[in-house]
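Note sheet for the following structure.
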Amino acid sequence: MGVRGQKGWTQQMRVVSAVRRLAVTGAALLAAGLGVAVGQAPVASAATVPQLVPASCATAPAGHAKCQAIQLVPGTSAAPATAVSPTDLQKAYGVTGLKSNGATVAVVDAFHDPNIERDLGDYRSHWGLPPCTKANGCLKVVGQDGSSNLPTQTDSGWATEMTIDVDAVSAVCPDCHILLVEGNTNDDTDLGEAVDSAVRLGAKFVSNSYADHESSIPSDSETHYNHPGVMIAAATGDNGTESGSSTEYPASSPEVVAVGGTTLTPSSNSRGFTETAWNKGGSGCSSKFGKPSYQNVTTSCSKRATSDISAEGDPNTGIVIYQNGATSQWGGTSLATPIVAGIWALAGAPNSGDNAASYPYAHPGNFNDITSGSNGGCGTVVCNAGTGWDGPTGLGTPNGTAGLLPGGGNGSVTVQNPGDQSSTVGQAVNLKITASGGTSPYTFSAKGLPAGLSIDSSSGAISGTPTTAGGPTAVTVTATDSAGKSGTATFNWTVTAVGQPAITNPGNQTGTVGQAVNLPIKATGGTTPYSFSASGLPAGLSIDSSSGTISGTPTTAGQSATTVTVTDANGKTAQASFTWTINPASTSTLKAAFTLDYDYGWGAFGHVTITNTGSTAVTGWKVTFDIPTSEYLWTVNPGTIVSNTGHVVVTGTGTIPAGGTLSVQTTFQVNSGSFVTPANVAATNR
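Residues -46 to -1, 1 to 640 in mature numbering (1 follows the signal peptide of the UniProt record, and there is no 0) are what the sequence shown lists, from first letter to last.
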């Protein structure tokens, strides 16, 4: 039997006011014939308004998986919608600064993606997240039997699904390890075996961004999703309310956390965001599974009801993924599902023998209650958001990790470990420690806190201003319940001296003999003014000691190990090292020019015209130009974006006939100020 992937993701663009967001009608989502190849850059002139476009794997033969990823493709008459960054998601869900201490989140998908490590690396590098590679043990990819025997078949749609999943886990839990288990196909049985393998390999958190109707699942499906002591999350679908035999599985299983979707919008309120039910997120009443005892809420369903909880899923406000050097924006409950799995890893593993799906119902007050929005016209809480539980959003979205911990009662007390902390002398600290289990209220105490900090015995909030540099020092927080039972959490805390300068590493650089270079190096912290120096610069380049800008014209091809040092007014220093590759001078017959088609203030559409001045056809091309770091190149068509800001590089494989031209459509996003037209536009043979 087949399952349908619930994919989602968006390229992070600057979060701006809700006024700038674009409304996309349901008609656009349901329009026929909108499928495009996943990873193919959308054509900017194809539509005048943004479109919600299903992934290329949205159709499949009977009995096979149907992916339900939805891409946001910008139109020509309006700006693209904003997307959320890892920082936004962590802030919105109250997990900023929390760590999992290397917990493993398993992601189960179908077919093989040979580029997943590279694409994950691009996403994490863009957002400044630590590398997650096979070499450093953070990323592991196995086949459905848990071995190194990976599927032989690839699928572009499911490759997008995998990218969404691993990026979303990374966004909310940067220190999580990721176990990607690839099913041989999208058959229900293959994916079920992959879930079993994930658990057998030790994962305590398993994300499943796919679904199949209950009427189609094999009779033994529950054996694959019933793993006490393991949190298994599944997407509720991207088709609104679906009840009876159409209810989506495995989300409808009582052993699984059913994850719905929301629309996350920036706001001036204290949280910084508002949320409503996403109008396409899944929900429903099961026809197969009875109402579990833990679902102690009014659902209007006689049997199991979905969703349990929810997270960001709207393509208009989702995330942007990197694939093959290009970016695209996606949403869906398959974005929401790995977000929940990653946040759950910050809460810690479920107790042995527990059904983790019961945990949120033991803490219904520890979620952001979503009270507006609808995903259908059923007329009940199954499709209409409201106070308390509702179908589209369940109990709500995570508000920290307290709602994901074991239930209360007479059990032991658990203190949520916030992970290792770092602070700066003179900068205020506010860290909330939470406890669960036992019998509330709790009394908190702490040992080993840095000088200047204290803990509130009632709330568990650690606050104050560090006065002395030092560490790391072991800090132990104890929570004692009303019955005298207690639990502890121990972590390290480091306090650094004020005023230490830092350099923003520009990353590895490339250039060409005879082509001018202009690379600003940015420093922060310490005491101004700064003095810059550099070693290992390519011949022909130098650094301005006052501004930190590296400029000049390279004279010699080769590769250099470059180190830039900044020294502040007090003599304190910081360094950044990177590799600089200079390519030989080009003998290209190609020339390029940029034309601005439309400037909408905080972004722009345009095109680069490549002209072949030679007497023979050219196959393969590269376009380069310079833009300020306050803006970046968002999409191109045709071509692949190699670098998207500063010195921009775009490559393509097409053929340009002798004397002919090729037009490359471009879309830009402006993070601050106004749009600046690209400079030093050039084209070379690839």
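Every residue gets a Cβ at the ideal spot worked out from N, C-alpha and C, and that includes glycine.
None of these values were measured; they are calculated from a predicted model.
How many angstroms separate the CA atom of Ser281 from the CA atom of Ala437?
With the sequence shown as reference, residue 281 is identified as Thr, and Ser is not the correct amino acid for it. In this structure, the CA atom of Thr281 is about 54 Å from the CA atom of Ala437.
Decide if the segment 576 to 592 is in contact with the segment 623 to 630; the criterion is three or more beta carbon pairs, one per stretch, under 8 Å apart.
Verdict: yes, contact present.
Could you tell me which of Thr527, Ser501 and Leu495 sits nearest to Trp534, measuring between CA atoms?
Ranking Thr527, Ser501 and Leu495 by Cα distance to Trp534 puts Leu495 first.
Going by the CB atoms, is the gap between Gly479 and Ala423 shorter than 9 Å?
Result no, Cβ atoms of Ala423 and Gly479 do not sit closer than 9 Å.
The alpha helix (DSSP H) spanning Ser79 covers which residue range?
First-last of the alpha helix (DSSP H) with Ser79: Ile70 to His80.
Please list, in chain order, all residues of the same chain as Pro538 whose beta carbon is under 8 Å from its beta carbon, the five residues on each side excluded.
Hits under 8 Å: Thr466, Val467 and Ala511.
Distance between Arg258 and Thr271 (C-alpha atoms, nearest Å)
So the alpha carbons of these two residues sit roughly 29 Å apart.
Quick check on the burial criterion: 16 or more other C-beta atoms within 10 angstroms. Buried or exposed for Asn462?
Exposed, since its Cβ has fewer than 16 Cβ neighbours within 10 Å.
Could you please give the first and the last residue of the uninterrupted alpha helix (DSSP H) stretch that includes Glu176?
Taken as a continuous stretch (DSSP letters only), the alpha helix (DSSP H) holding Glu176 covers Glu176 to Tyr179.
For Thr325, the first and last residue of its enclosing beta strand (DSSP E)
In the DSSP assignment, Thr325 falls outside any beta strand (DSSP E) and carries neither an H nor an E.
Please classify Gly279: does DSSP put it in a helix, a strand, or coil?
Under the three-state reduction of DSSP, Gly279 is assigned to coil, being neither helix nor strand.
Might you give, ordered along the chain, the residues of its own chain that have their beta carbon closer than 6 Å to the beta carbon of Thr201, omitting 5 neighbours on each side?
Here the set comprises Glu168, Gly238 and Ser240.
Less than 8 Å between the CB atoms is what I'm expecting for residue 648 and Val590, so what's the real figure, rounded?
The question about residue 648 has no answer here: the residues shown for the chain are numbered -46 through 640.
Ile118 (DSSP reduced to helix, strand or coil):
Helix at Ile118.
CB of Val379 within 9 Å of CB of Pro420, strictly:
For Val379 and Pro420, yes; Cβs fall inside 9 Å.
Could you tell me if Asn138 is buried or exposed, where buried requires 16 or more neighbouring beta carbons within 10 angstroms of its beta carbon?
Residue burial annotation: Asn138 is buried, with at least 16 other C-beta atoms found within 10 angstroms of its C-beta.
Asn639 to Pro632, Cα distance in whole Å?
Their backbone Cα atoms lie some 20 Å apart in a straight line.
Using the DSSP secondary-structure output, state which residues sit across from Cys130 in a beta bridge.
Answer is none; Cys130 lacks a bridge partner.
Anyone know if the C-beta pair for Ala546 and Thr563 falls short of 9 Å?
By the CB criterion at 9 Å, Ala546 and Thr563 fall inside the cutoff.
Please give the ranges of any alpha helix (DSSP H) in the segment 270 to 319, keeping only runs that are unbroken, at least 4 residues long and fully inside the region.
Those alpha helix (DSSP H) runs which fall completely within the segment 270 to 319 and span 4+ residues are 287 to 301 and 313 to 316.
Using the C-alpha atoms, what's the distance from Ser617 back to Gln277?
Approximately 22 Å between the Cα atoms of the pair.
Sufficient close CB pairs (3 or more, under 8 Å) joining the segment 246 to 261 to the segment 304 to 316:
Touching, yes, given that three or more Cβ pairs across the two stretches are closer than 8 Å.
Glu229 by DSSP, collapsed to three states: which one?
Here Glu229 sits in strand by DSSP.
Since Leu218 is in the beta strand (DSSP E), which residue starts that stretch and which ends it?
That run of the beta strand (DSSP E) goes Val211 to Pro220.
As assigned by DSSP and simplified to three states, the class of Lys45:
Of the three classes helix, strand and coil, the one that applies to Lys45 here is helix, per DSSP.
Of all the beta strand (DSSP E) runs that stay within the bounds of the segment 387 to 474, which reach a length of 3 or more residues?
Whole beta strand (DSSP E) segments, 3+ residues: 389 to 391, 397 to 401, 407 to 409, 415 to 418, 424 to 434, 440 to 450, 456 to 458, 463 to 466 and 471 to 474.
Have a look at Gly354 and Ser224 and give me their C-alpha separation to the nearest angstrom.
Distance between the alpha carbons of Gly354 and Ser224 is about 15 Å.
Just verifying my parser: in three-state terms, what is the DSSP assignment at Val(-4)?
Residue placement at Val(-4) is flagged as unreliable, the pLDDT there being 33, under the threshold of 50; a coordinate-derived value is accordingly withheld.
Could I get the ranges of all uninterrupted alpha helix (DSSP H) runs contained in the segment 151 to 197, with 4 residues as the minimum, in chain order?
With a minimum length of 4 residues, the continuous alpha helix (DSSP H) runs that stay inside the segment 151 to 197 are 176 to 179.
Distance, Cα to Cα, Ser569 vs Lys476?
Computed Cα separation, rounded: 45 Å.
Return the chain-ordered list of same chain residues with a C-beta closer than 8 Å to the C-beta of Lys158, the five sequence neighbours on each side being excluded.
Around Lys158: Ala57, Thr58, Gly183, Val184, Met185, Ala299, Ala303 and Pro304.
Comparing alpha-carbon positions, which option in Ala558, Lys234 and Asp144 lies nearest Asp192?
When each option's Cα is compared against that of Asp192, the closest is Lys234.
Is the beta carbon of Val335 within less than 8 Å of some heavy atom of the ligand NAD?
Among the ligands in the structure shown, none appear at all, so the ligand NAD cannot be discussed.
Run of the beta strand (DSSP E) containing Arg258, from where it starts to where it stops
Per DSSP, Arg258 belongs to the beta strand (DSSP E) from Lys257 to Thr260.
Please name the residue in Ile263, Thr228 and Val335 whose C-alpha comes closest to that of Thr253.
Answer by Cα proximity: Val335.
Please list, in chain order, all residues of the same chain as Ala(-16) whose beta carbon is under 6 Å from its beta carbon, the five residues on each side excluded.
Confidence is the limiting factor: at Ala(-16) the pLDDT is only 26, short of 50, which leaves the residue's position unreliable, though a coordinate-based value still follows. Around Ala(-16): no qualifying Cβ.
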